[in-house]
Amino acid sequence: MPIIALDEADATCGGKALGLGLLSRSGFNVPNGFVVVGDLDALALGAVVDRLDAPMAVRSSGLLEDSATASFAGQLQTVLGVVGSAEAAAAILACGRSGTADRVRAYAARAGAATPPRVPVVVQRLVAAEVAGVVVTQDPRTGLDDVVIEAAWGLGGSVVDGQVVPDRFTVSALGAVEGSVGSKATRLDWRDGELIRSAVPPRERRRAALTDAQIREIARTAREAHGALGCPLDIEWAISGDTLWLLQGRPITTASSPPGSPAARPASIVLVSGVGCSPGRVNGVARVVHGLDEFTRVRPGDVLVCRTTDPAWTPLFSVVSAFVTEKRATMAHTSSPDLLTLHALRLKGFAETVVLADRFGLDAGATQEVLQDYAAKGWVTSSSFGDLSGWSLTEAGRRVNEDQLAHELDGVGSREELAHVHDAFLPYNATVTAACSAAQLSPSSVTYERVREQLTDVTPALMALEADLTARLTRFAGYHRRFNVALFRADDDPRWLTATELDSCHRVWFELHEDLIATLGITR
Numbered sequence: 265m266p267i268i269a270l271d272e273a274d275a276t277c278g279g280k281a282l283g284l285g286l287l288s289r290s291g292f293n294v295p296n297g298f299v300v301v302g303d304l305d306a307l308a309l310g311a312v313v314d315r316l317d318a319p320m321a322v323r324s325s326g327l328l329e330d331s332a333t334a335s336f337a338g339q340l341q342t343v344l345g346v347v348g349s350a351e352a353a354a355a356i357l358a359c360g361r362s363g364t365a366d367r368v369r370a371y372a373a374r375a376g377a378a379t380p381p382r383v384p385v386v387v388q389r390l391v392a393a394e395v396a397g398v399v400v401t402q403d404p405r406t407g408l409d410d411v412v413i414e415a416a417w418g419l420g421g422s423v424v425d426g427q428v429v430p431d432r433f434t435v436s437a438l439g440a441v442e443g444s445v446g447s448k449a450t451r452l453d454w455r456d457g458e459l460i461r462s463a464v465p466p467r468e469r470r471r472a473a474l475t476d477a478q479i480r481e482i483a484r485t486a487r488e489a490h491g492a493l494g495c496p497l498d499i500e501w502a503i504s505g506d507t508l509w510l511l512q513g514r515p516i517t518t519a520s521s522p523p524g525s526p527a528a529r530p531a532s533i534v535l536v537s538g539v540g541c542s543p544g545r546v547n548g549v550a551r552v553v554h555g556l557d558e559f560t561r562v563r564p565g566d567v568l569v570c571r572t573t574d575p576a577w578t579p580l581f582s583v584v585s586a587f588v589t590e591k592r593a594t595m596a597h598t599s600s601p602d603l604l605t606l607h608a609l610r611l612k613g614f615a616e617t618v619v620l621a622d623r624f625g626l627d628a629g630a631t632q633e634v635l636q637d638y639a640a641k642g643w644v645t646s647s648s649f650g651d652l653s654g655w656s657l658t659e660a661g662r663r664v665n666e667d668q669l670a671h672e673l674d675g676v677g678s679r680e681e682l683a684h685v686h687d688a689f690l691p692y693n694a695t696v697t698a699a700c701s702a703a704q705l706s707p708s709s710v711t712y713e714r715v716r717e718q719l720t721d722v723t724p725a726l727m728a729l730e731a732d733l734t735a736r737l738t739r740f741a742g743y744h745r746r747f748n749v750a751l752f753r754a755d756d757d758p759r760w761l762t763a764t765e766l767d768s769c770h771r772v773w774f775e776l777h778e779d780l781i782a783t784l785g786i787t788r
């Protein structure tokens, strides 16, 4: 039984092991482990398991698995929480023989590949993650070099297997972060020597699983891994303590449609819309399937609609033309950079160019040119106060921005819808205003805790409001994530509740209020 150290794995060890070996040799944090190629040798296995001395994750590593043309994602077997050489031997046999399963043979046949009777197997130390998920270094919906991160509490299986609705963050090439907080109803953890799935407390469900610093660290590390391996990657990651671990790294097997490719004829009436996870357009009958016992209802060319999928659904993928699994916010009208530059200044009040550009993910150089042009027109002015310098909006600029917003809103045709959102916003605005005023007028640990609870209770409503707003205008994205980040930071520093010099809960809520009334042309 050849046993190869994971950091020495090559192509003979299968796609998954090769990817991990390349990442390890490139200096990334990859959990220690080894690859089993061929028949089992109990004595040799016992020796390497003893050296590992930790609970293990055992995964298949087929020769074509995690390749550039076929990922085999979720097709072959994985066993988590393996302890001792006896359990390891059983898990290795199960994973090694999983290549003979019917679903794997069907997947391989569609990929034009053969399935050997036994595949190599990766054995690694199991990372007891506090938070984990996946990250891709190229947005499969657009083909742009945006990093897309999904995260949830506990081990990453909850995200990979579709057990929860994770948080989702997008980091643009310019470093702008946008995202939404998922429900994260349950979590899977390695605790007291076993895998335990438990309910996530309501407050933790509403809180972002990642801090802004962690989001940026994951995005930076993913881009570095992309550079090291020379292709866009789909990476499974985990955070334990202060360490970010890379658990898998496979080439992305979807790519955006080339410019000019034929598109399906658009429907005359749009019934529902959402965010795609891979490119392409098709026409077909929408077929809602609730479970495995309804597979016989599916016809060739149908658009499969279901709650989620797992490997058992694989046979349908060669039959249907597309599948829909998770409802997300609608992608809608995107505002022009000229409008966003003036609008960012209205929301911020006084700010440097880089702050204004970052507010909506604009290019700082281009934003500076727009501001200089606007200064010549008398719409903005530049000033300095001691060590501070920046831009501010003139009355003429304010009127121009209001005209821009009105023209945009009428062009989108969503004035009535946004007015309804504003009406729904007002009761929550009263709650947040009162809570923040209490924190400012009676600062104490008791007040801060009560205010945190009140603001936490508002976060589900904020998520729903943002979803309704971004369904019409994408520039409303990000308020919910920023609010949650501020709430998280307020646990250690109560200034994050109300401080105006920070991106605090009060500051974020004030900006949303200003954004709404400016868009609707309402006078305070």
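This note's numbering puts the first residue of the sequence shown at 265, with every later residue one more than the last. Just so you know, even glycine gets a beta-carbon here, dropped at the ideal spot from N, CA and C.
Own chain partners of A702 with C-beta closer than 7 Å, once the 5 adjacent residues on each side are dropped: The residue given as residue 702 occupies position 438 in the sequence shown. Result list for A702: T711, V715, in chain order.
Cβ pair G446, D431 closer than 7 Å: Within the sequence shown, the letter at position 182 stands for residue 446. Within the sequence shown, the letter at position 167 stands for residue 431. Cβ atoms of G446 and D431: closer than 7 Å.
Whole-Å CB distance - R736 paired with L682, under 8 Å assumed: Here residue 736 is taken as the residue at index 472 of the sequence shown, counted from 1. Here residue 682 is taken as the residue at index 418 of the sequence shown, counted from 1. At roughly 6 Å, the Cβ-Cβ gap stays under 8 Å, so R736 and L682 are in contact.
S647 to H777 span [Cα, whole Å]: In the sequence shown, residue 647 corresponds to position 383, counting from 1. In the sequence shown, residue 777 corresponds to position 513, counting from 1. Approximately 26 Å, taken between the alpha carbons.
contact_flag[the segment 735-751, the segment 767-784] where n(CB pairs < 8 Å) is 3 or more: Because the criterion of three Cβ pairs below 8 Å is met, the segment 735-751 and the segment 767-784 touch.
Sequence-distant residues of its chain with Cβ nearer than 6 Å to L603 (five each side left out): Numbered from its first residue, the sequence shown carries residue 603 at position 339. Once the five neighbours on either side are set aside, the close Cβ partners of L603 are Q668.
Collapsed DSSP secondary structure at E659 in the structure displayed: Start at 1 with the first residue of the sequence shown, and residue 659 comes out as number 395. Judged by DSSP in its simplified three-state form, E659 adopts helix.
Sequence-distant residues of its chain with Cβ nearer than 7 Å to A750 (five each side left out): Looking up residue 750 in the sequence shown gives position 486. Closer than 7 Å at the Cβ level, and outside the excluded window around A750, lie W760, D767, S768, C769, V772.
Beta-carbon proximity list for Y638, same chain, < 8 Å, skipping 5 on both sides: Here the question's residue 638 lines up with position 374 in the sequence shown. The answer, listed in chain order, is T605, L606, V644, G661.
Where E778 sits in the DSSP three-state scheme: In the sequence shown, the residue the question calls residue 778 occupies position 514. E778: helix per DSSP, three-state reduction.
Start and end residues, beta strand (DSSP E) containing R471: For the purposes of this step, residue 471 is taken as residue 207 along the sequence shown, with counting starting at 1. For R471, there is no enclosing beta strand (DSSP E), as DSSP gives it neither H nor E.
Pairwise C-alpha distance: G279 and L493: Along the sequence shown, read from residue 1 onward, the residue named residue 493 stands at position 229. Along the sequence shown, read from residue 1 onward, the residue named residue 279 stands at position 15. Going by the C-alpha atoms only, they are around 13 Å apart.
Alpha carbon of T475 to alpha carbon of M727, nearest angstrom: Counted from its first residue, the sequence shown places residue 475 at position 211. Counted from its first residue, the sequence shown places residue 727 at position 463. For T475 and M727, the gap between their C-alpha atoms comes out near 17 Å.
Alpha-carbon to alpha-carbon, T738 and D274: As a position in the sequence shown, residue 274 is number 10, starting the count at 1. As a position in the sequence shown, residue 738 is number 474, starting the count at 1. In a straight line, the C-alpha of D274 is about 45 Å away from that of T738.
Three CB pairs or more closer than 8 Å across the segment 684-695 and the segment 434-442: These segments do not touch.
Cβ contact check for the segment 453-461 and the segment 479-488: 3 or more pairs under 8 Å: Result no; under three Cβ-Cβ pairs closer than 8 Å.
Spatial distance of K448 from Q478 (CA atoms): Counted from its first residue, the sequence shown places residue 448 at position 184. Counted from its first residue, the sequence shown places residue 478 at position 214. Annotation: K448 to Q478 spans about 18 Å, alpha carbon to alpha carbon.
Counterpart residues of S653 in DSSP-defined beta bridges: Indexing the sequence shown from 1 puts residue 653 at position 389. According to DSSP, which records beta bridges pairwise, S653 is partnered with S648.
First through last residue of the alpha helix (DSSP H) which encompasses T711: As a position in the sequence shown, residue 711 is number 447, starting the count at 1. It spans 709-734 - the alpha helix (DSSP H) in which T711 sits, taken as one unbroken run.
Nearest candidate by alpha-carbon position, reference P319, set A392, G742, G491, I356: Your numbering for residue 319 matches position 55 in the sequence shown. Comparing alpha-carbon positions, the option among A392, G742, G491, I356 lying closest to P319 turns out to be A392.
Local conformation of V685 per DSSP, three classes: The sequence position of residue 685 within the sequence shown is 421, counting from 1. In this structure, V685 counts as helix in the three-state DSSP scheme.
Rounded C-alpha distance that separates F298 from H554: The count along the sequence shown starts at 1 and reaches residue 298 at position 34. The count along the sequence shown starts at 1 and reaches residue 554 at position 290. So the two alpha carbons sit approximately 40 Å from each other.
Secondary structure of A586, DSSP reduced to three states: Within the sequence shown, the letter at position 322 stands for residue 586. Looking at A586 - three-state DSSP - the assignment turns out to be strand.
Neighbour-count burial assignment, G796, 16 or more Cβ in a 10 Å radius: Nothing can be reported for residue 796: it is not among the residues displayed for the chain, which extend from 265 to 788.
Cα-Cα separation, A794 to T787: The chain is shown from 265 up to 788; residue 794 falls before or after that span and cannot be answered.
Backbone secondary structure at E425 - three-state DSSP: Translated into the one-based positions of the sequence shown, residue 425 becomes position 161. The displayed chain sequence assigns Asp, not Glu, to residue 425. Coil.
Identified DSSP bridge partners for I499: As a position in the sequence shown, residue 499 is number 235, starting the count at 1. Its beta-bridge partners are V399, G513.
Where the alpha helix (DSSP H) containing A275 begins and where it ends: What you label residue 275 is simply residue 11 of the sequence shown in a count that begins at 1. If you look at A275, you'll find it isn't in any alpha helix (DSSP H); DSSP assigns it neither H nor E.
Option nearest V634 by Cα separation, candidates R663, T560, S600, F614: Along the sequence shown, one-based indexing puts residue 634 at 370. With distances taken between Cα atoms, V634 lies closest to S600.
Helix, strand or coil at W454 [DSSP, three-state]: Taking the first residue of the sequence shown as position 1, residue 454 is located at position 190. Per DSSP, reduced to three states, the secondary structure at W454 is strand.
Sequence-distant residues of its chain with Cβ nearer than 6 Å to G654 (five each side left out): In the sequence shown, the residue the question calls residue 654 occupies position 390. Exclusion of the five residues before and after G654 leaves F614, A615, E616 as the residues of its chain whose Cβ lies within less than 6 Å of its Cβ.
Classification of P466 by the beta-carbon crowding that lies within 10 angstroms, buried from 16 upward: The sequence position of residue 466 within the sequence shown is 202, counting from 1. It is exposed - the Cβ of P466 has fewer than 16 other Cβ atoms within 10 Å.
Residue burial classification, D403 (beta-carbon count within 10 angstroms, cutoff 16): Position 139 of the sequence shown, counted from the first residue, corresponds to residue 403. Buried is the call here.
For L284 and E313, the rounded distance between their alpha carbons: Residue mapping note: residue 313 aligns to position 49 of the sequence shown, counting from 1. Residue mapping note: residue 284 aligns to position 20 of the sequence shown, counting from 1. According to the sequence as given, residue 313 is Val; it is not Glu. The alpha-carbon atoms of V313 and L284 are separated by roughly 19 Å.
Simplified DSSP assignment, three categories, for L568: Numbered from its first residue, the sequence shown carries residue 568 at position 304. Of the three classes helix, strand and coil, the one that applies to L568 here is strand, per DSSP.
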